[in-house]
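Colleague: Quick note, the sequence shown lines up with residues 1 to 203 if you use this note's numbering. Idealized CB from N, CA, C, for every residue including glycine. Quick one: the structure is below, and I'll ask about it shortly.
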Amino acid sequence: MKTGSEKIRLGFLASGRGSNMLAIIDNCKAGKLDAEPVVVISNNADAGALVYARKAGIPAFHLSSNKHEDESVLDQEMTDTLKSHNIDWVILAGYMKMIGSKLLEEFRGKILNIHPSLLPRHGGQGMYGLHVHEAVLASGESETGVTIHMVDGEYDQGRILAQEKVSVEADDTPESLAARVLKVEHELYSETLQGIIEGRISF
Ligand code: GRF
1 MKTGSEKIRL GFLASGRGSN MLAIIDNCKA GKLDAEPVVV ISNNADAGAL
51 VYARKAGIPA FHLSSNKHED ESVLDQEMTD TLKSHNIDWV ILAGYMKMIG
101 SKLLEEFRGK ILNIHPSLLP RHGGQGMYGL HVHEAVLASG ESETGVTIHM
151 VDGEYDQGRI LAQEKVSVEA DDTPESLAAR VLKVEHELYS ETLQGIIEGR
201 ISF
């Protein structure tokens, strides 16, 4: 149990650009989010997320199956890295791999993911990046959005904690829709975390 002055410690898993992670780090710095980003792990040595983390002075690790052929060794090393940094919550921010069973067990009920659609629409394996927004446009739906959900070991499943809608415009391309959705992502992830911290959102 945390005392009043102790902040919730966040560990990030991110594979790419890292803009959602950066938005959370910025909100922590700005005092809008009562949490502390303490470690970043990426499976991609070139991830923007690792660059952002190092600039912000946050310990950042490249751990991937290229380095560890045995997935269970990788799973153990990721779990140990998060544990050694005393993480309270694991924040998936554009992490493109399934998380391992050890990590899932160790942090069960304390792992969050963000998805750029209104799950359960347009989620699951293969639904990432522009594929999601292409599928939304192909469906003819007039709205899409952002989902924050618990991670339970299946792609884009787990209990939904927050959703926010974004309208689809007639002249949208996958890129324009992605950009509009991303702005909402950058707000909703921090708002949801703060809601959890303040006990307004139960998990
Ligand atoms: C975001 O669209 C997020 O919803 C999805 O992956 C993307 C990651 O973007 N899970 P970024 O790396 O945070 O910029």
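Quick check: does the Cβ of P174 come within less than 7 Å of any heavy atom belonging to ligand 1?
Modeller: In the sequence shown, residue 174 corresponds to position 174, counting from 1. Checking the Cβ of P174 against ligand 1 gives no.
Colleague: Grab me the residues of L50's own chain with a C-beta within less than 7 Å of its C-beta, minus the 5 sequence neighbours each way, in chain order.
Modeller: Within the sequence shown, the letter at position 50 stands for residue 50. If we look at L50 and ignore the five residues flanking it on each side, its Cβ neighbours are V40, S42, A60 and H62.
Colleague: Assuming contact is defined by CB atoms lying nearer than 8 Å, are E185 and N44 in contact in what I supplied?
Modeller: The residue labelled residue 185 in the question sits at position 185 within the sequence shown. The residue labelled residue 44 in the question sits at position 44 within the sequence shown. Cβ distance not < 8 Å, so E185 and N44 don't count as in contact.
Colleague: Under the three-state reduction of DSSP, which class applies to N86: helix, strand or coil?
Modeller: Here residue 86 refers to the residue found at position 86 of the sequence shown. In this structure, N86 counts as coil in the three-state DSSP scheme.
Colleague: Which of the three DSSP states, helix, strand or coil, is assigned to A204?
Modeller: This structure does not reach residue 204, given that the chain is present from 1 up to 203, and the question cannot be answered.
Colleague: For V146, which of T192, R108 and D171 has the nearest alpha-carbon?
Modeller: Residue 146 sits at position 146 when you count from the first residue of the sequence shown. It is T192 whose Cα lies nearest to the Cα of V146.
Colleague: Okay, do the segment 136–143 and the segment 91–109 touch, 3+ Cβ pairs below 8 Å being the bar?
Modeller: No: fewer than three Cβ pairs fall under 8 Å.
Colleague: Quick check: L74 and S65, are their CB atoms within less than 8 Å of each other?
Modeller: For this step, residue 74 is matched to residue 74 along the sequence shown. For this step, residue 65 is matched to residue 65 along the sequence shown. Going by C-beta atoms, L74 is nearer than 8 Å to S65.
Colleague: For N86, count neighbouring Cβ atoms within 10 angstroms of its own Cβ and tell me buried if that reaches 16, exposed if not.
Modeller: As a working mapping, residue 86 is identified with position 86 in the sequence shown. When all chains shown are included, N86 counts as exposed.
Colleague: Report the partner residues of M150 according to the DSSP bridge assignment.
Modeller: In the sequence shown, counting from the first residue as 1, residue 150 sits at position 150. Answer is L112, bridged to M150.
Colleague: Give the range of the alpha helix (DSSP H) segment to which V184 is assigned.
Modeller: On the sequence shown, position 184 is the one that residue 184 refers to. Its alpha helix (DSSP H) spans residues P174 to I197.
Colleague: With a threshold of 7 Å, establish whether the CB of R108 neighbours any heavy atom of ligand 1.
Modeller: Position 108 of the sequence shown, counted from the first residue, corresponds to residue 108. No, ligand 1 has no heavy atom inside 7 Å of this Cβ.
Colleague: Between V90, K165, D172 and L10, which has its C-alpha nearest N113's C-alpha?
Modeller: For the purposes of this step, residue 113 is taken as the residue at position 113 of the sequence shown. The residue with the shortest Cα to Cα distance from N113 is V90.
Colleague: Whose CA, out of T173, G48, I201 and A135, lies closest to the CA of A162?
Modeller: For this step, residue 162 is matched to residue 162 along the sequence shown. Looking at the Cα atoms, I201 is the closest of the given residues.
Colleague: DSSP three-state label for V288, please.
Modeller: Residue 288 cannot be examined here, being either before or after the span of the chain that is shown, 1 to 203.
Colleague: Check whether the Cβ atoms of F203 and I197 lie closer than 8 Å to each other.
Modeller: One-based indexing of the sequence shown puts residue 203 at position 203. One-based indexing of the sequence shown puts residue 197 at position 197. Cβ distance not < 8 Å, so F203 and I197 don't count as in contact.
Colleague: DSSP on R121, reduced to helix/strand/coil?
Modeller: Your numbering for residue 121 matches position 121 in the sequence shown. In this structure, R121 counts as coil in the three-state DSSP scheme.
Colleague: Apply the 10 Å Cβ neighbour rule to H204 and answer buried if 16 or more other Cβ atoms are within range, or exposed otherwise.
Modeller: There is no way to answer for residue 204, as the model of the chain reaches only from 1 to 203.
Colleague: Using 8 Å as the threshold, is the segment 114–121 in touch with the segment 130–137, meaning 3 or more CB pairs across them?
Modeller: They touch, by the three-pair rule.
Colleague: Look at the alpha carbon of E105 and the alpha carbon of E77, and state the distance between them as a whole number of angstroms.
Modeller: Locating residue 105 in the sequence shown gives position 105, where the first residue counts as 1. Locating residue 77 in the sequence shown gives position 77, where the first residue counts as 1. Distance between the alpha carbons of E105 and E77: 14 Å.
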